[in-house]
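Single-structure report; data block below.
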Amino acid sequence: MVTAGSPTRLDPGAIVTRFLEAVQNDDIDFARDVLDENIVYQNVGLPTIRGKQAVLRLFGALENTSFGFEVDVQRTTTNGYTVMNERYDALSFGPLRTQFWVCGVFEVSERGTITLWRDYFDFAAVSRAFLRGLIGIVVLWVGVRIGSARLDARY
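Under the numbering used here, the first residue of the sequence shown is numbered 16, with each subsequent residue one higher.
Below, the structure written as structure tokens:
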């Protein structure tokens, strides 16, 4: 396994995959090591985050909440230092879990640091995923309430 201090031993595709796994697994040390000081992080359609410290602050803000992130990379292709992947991301907020398709484009420097992280996704699909998750929570809650009411009625 690659240690936090040795990201340049990996090829660009492996650096990106390992980075996404590090974010998923709260391995902030590895993520910090492979983020370039001048990284540009874009979720297309949302505000751009610039700089390593800003991205790390985002990770830090999410670290102490009930927020969760999972990644399932389907395909990765590289062309020199450019990496593209097709993946499913899952975001969870307490009991709410949503999963949606993402296409990511990354630029990796010769030093092995990620200088660009740009994700493309369909806002409508993400909205539907959140709605499905909310409906699932409500259905579960109503089912529990009905089930406990039935138990109360028996006794």
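The beta carbon of each residue, even a glycine, is placed where N, CA and C say it ideally should be.
For the beta strand (DSSP E) holding residue i, just list the boundary residues, first then last.
i: residue 106; result: 97-108
i: residue 119; result: 111-123
i: residue 133; result: 129-135
i: residue 90; result: 82-94
Using a Cβ-Cβ cut-off of 6 angstroms (strictly less than) and excluding sequence neighbours within five positions of residue i, which residues of its own chain qualify?
i: residue 89; result: 101, 102
i: residue 140; result: 115
i: residue 135; result: 59, 118
i: residue 98; result: 27, 28, 31, 121
Quick one: using the 10 Å Cβ neighbour count with 16 as the cut-off for buried, is residue i buried or exposed?
i: residue 34; result: buried
i: residue 131; result: buried
i: residue 69; result: exposed
i: residue 150; result: exposed
i: residue 87; result: exposed
i: residue 92; result: exposed
i: residue 113; result: buried
i: residue 164; result: Annotation note: pLDDT 49 at residue 164 (below 50); position unreliable, no value reported.
Could you please give the first and the last residue of the uninterrupted alpha helix (DSSP H) stretch that includes residue i?
i: residue 34; result: 27-39
i: residue 1; result: Only positions 16 to 170 of the chain appear in this structure, which leaves residue 1 out of reach.
For a quick check, are the C-beta atoms of residue i and residue j less than 9 angstroms apart?
i: residue 105; j: residue 85; result: yes
i: residue 82; j: residue 108; result: yes
i: residue 56; j: residue 64; result: yes
i: residue 111; j: residue 54; result: no
Excluding sequence positions up to five away, which residues of its chain have a Cβ less than 7 angstroms from the Cβ of residue i?
i: residue 49; result: 22, 30, 34, 127, 128, 129
i: residue 37; result: 45, 46
i: residue 144; result: 113, 114, 115
Can you find the residues in the same chain that come closer than 8 angstroms, C-beta to C-beta, to residue i, ignoring five residues on each side of it along the sequence?
i: residue 148; result: 111, 112, 113
i: residue 67; result: 47, 50, 51, 52, 53, 54
Note to self: So, does the region 67-75 touch the region 117-126, judging by three or more C-beta pairs under 8 angstroms?
What the structure shows: When Cβ pairs closer than 8 angstroms are counted between the two stretches, the region 67-75 is seen not to touch the region 117-126, the count staying below three.
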